[in-house]
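Chains as they are written, first to last, in this note's numbering: chain X, 22 to 136; chain A, 685 to 795.
One structure below.
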Amino acid sequence: AQTVTQSQPEMSVQEAETVTLSCTYDTSESDYYLFWYKQPPSRQMILVIRQEAYKQQNATENRFSVNFQKAAKSFSLKISDSQLGDAAMYFCAYAVGTSYGKLTFGQGTILTVHP
Amino acid sequence: DAMVIQNPRYQVTQFGKPVTLSCSQTLNHNVMYWYQQKSSQAPKLLFHYYDKDFNNEADTPDNFQSRRPNTSFCFLDIRSPGLGDAAMYLCATSRATGELFFGEGSRLTVL
């Protein structure tokens, strides 16, 4: 069975600084996707960034980028120039390629942004 | 405008009293999902519909059922809620291989 582990229950960052959230996963599949989702308090979960396992290049979306280390099964999220609106619960998630929407989530990391 | 709408946002029920949560979407996505998120835990997939085909996760309790009368609507029925069923229930939609769009969730309290 696939598992996703987020070892940082909570993280904090100063506004405008950079923070990295960690995620490791375990799978025997070769075709899979990795995601970071953001869940603000009382708001819906939204996709932050997605990585296809077959792509070597790390995905980036504006201030958000990932460090995908396939051999190490590591998938960290870097948030640059942190903003107050980045404060949320962040979930790392995994999906087998043929079951794209069937996500296995990590436990989540609560990110606090200090002004 | 909200694209995945869940109702009610908050539901209080008594132990053993059936409850239905609803989800509607304006995206015309063919796949709809129900996830259960207990306090301080990761969301866990209960089941999903691919068009009209129902797909149950192996460890989803029989107490949980779902209906999808049309493309836009999907319902989660909890036949006899127990204290352990208190959770946030998240509905999500997607095209077959696309991004998931989540609703804001329905928080269920069981007294």
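All C-beta atoms, glycine included, are put in the ideal place defined by N, C-alpha and C.
What you are looking at is a predicted structure, and each value in this text was computed from that prediction instead of being measured.
Asked, Found
"Exposure label - L774 of chain A; buried when at least 16 CB within 10 Å", "buried"
"Any chain A beta carbon closer than 8 Å to L124 of chain X", "yes"
"Ranges of the beta strand (DSSP E) found wholly within the region 36–116 of chain X, counting only runs of at least 3", "40–42, 45–47, 53–60, 67–73, 85–90 and 95–100"
"CB-CB length for C44 of chain X against V69 of chain X, believed under 8 Å", "The pair is not a contact, with the Cβ atoms about 12 Å apart (cut-off 8 Å)."
"I762 of chain A versus A:A771, A:A776, A:S756 and A:N754, residue with shortest Cα-Cα distance", "A:A771"
"Identity of the residue in X:K99, X:N83 and X:Q77 nearest Q90 of chain X by Cα", "X:Q77"
"According to DSSP, residues forming a beta bridge with R791 of chain A", "A:Y694 and A:M772"
"For L767 of chain A, three-class secondary structure by DSSP", "helix"
"Whole-angstrom distance between K99 of chain X and S63 of chain X, CA atom to CA atom", "24 Å"
"N- and C-terminal bounds of the beta strand (DSSP E) containing S137 of chain X", "Nothing can be reported for residue 137 of chain X, as the shown portion of chain X is limited to 22 through 136."
"Where K59 of chain X falls, given that 16 or more other Cβ within 10 Å makes a residue buried", "buried"
"Whole-angstrom distance between Q690 of chain A and Q65 of chain X, CA atom to CA atom", "10 Å"
"Proximal chain X residues relative to L705 of chain A, where beta-carbon distance stays under 7 Å", "What L705 of chain A touches in chain X: nothing, since even the nearest Cβ is about 15 Å away."
"Proximity of F96 of chain X and L55 of chain X at Cβ, strictly below 8 Å", "yes"
"Whole-number beta carbon distance between V715 of chain A and Y734 of chain A, since they are thought to touch under 8 Å", "5 Å"
"Cβ-based neighbour list, Y46 of chain X, same chain, cut-off 6 Å, excluding 5 preceding and 5 following", "V25, K94 and Y115"
"Under 9 Å by beta carbon: chain A residues contacting Q128 of chain X", "S724, Q725 and A726"
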